[in-house]
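Read in order, the letters of the sequence shown are residues 14 to 92 in the numbering used here.
This report concerns only the one structure given below.
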Amino acid sequence: MSAPAAEHYAKIYGKTVDEVEAIWALAKAAVKKKYHIDEKSGENFFGLTMLGFKAVLGIGTEDSMASRKRAILEANKDD
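Shown next as structure tokens:
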């Protein structure tokens with residue numbers, strides 16, 4: 014995630030830039046582990062990472078706590 018994007022999400026969602034970057038890194042790692050793709054995969058990788066990122070932040074979800082819990086559990090689950 015670019016520095017301006019991290020600053021944007023941090024400001025909007027009351028997080029620090031470090032927290033936003035950590036959440037993004039967690040989402041990237043989860044996508045790489047689960048789907049065996051990386052940044053070179055293009056839109057699919059970015060889209061899945063953004064979905065994970067938003068789930069952890071609870072953006073656009075009906076039940077943000079459940080979404081955060083699912084995202085954390087999914088990221089930590091072994092294949």
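Quick reminder that beta carbons are idealized off the backbone N, C-alpha and C, glycines included.
Fill in: Contact under 8 Å by Cβ, residue 44 with residue 50
Here residue 44 refers to the residue found at position 31 of the sequence shown. Here residue 50 refers to the residue found at position 37 of the sequence shown. Contact: yes.
Practice prompt. Would you mind reading off the limits of the alpha helix (DSSP H) that contains residue 51?
Written response: Start at 1 with the first residue of the sequence shown, and residue 51 comes out as number 38. First-last for residue 51: undefined, no H or E at that position.
Worksheet item: Would DSSP call residue 14 helix, strand or coil?
Response: Against the sequence shown, residue 14 aligns to sequence position 1. Of the three classes helix, strand and coil, the one that applies to residue 14 here is coil, per DSSP.
Worksheet item: How many angstroms separate the CA atom of residue 15 from the CA atom of residue 60?
Response: By 1-based counting over the sequence shown, the position of residue 15 is 2. By 1-based counting over the sequence shown, the position of residue 60 is 47. Residue 15 and residue 60 have their alpha carbons spaced roughly 15 Å apart.
Discussion item. At the level of alpha carbons, what is the spacing between residue 19 and residue 47?
Written reply: For the purposes of this step, residue 19 is taken as residue 6 along the sequence shown, with counting starting at 1. For the purposes of this step, residue 47 is taken as residue 34 along the sequence shown, with counting starting at 1. Taking the straight line joining both Cα atoms gives about 24 Å.
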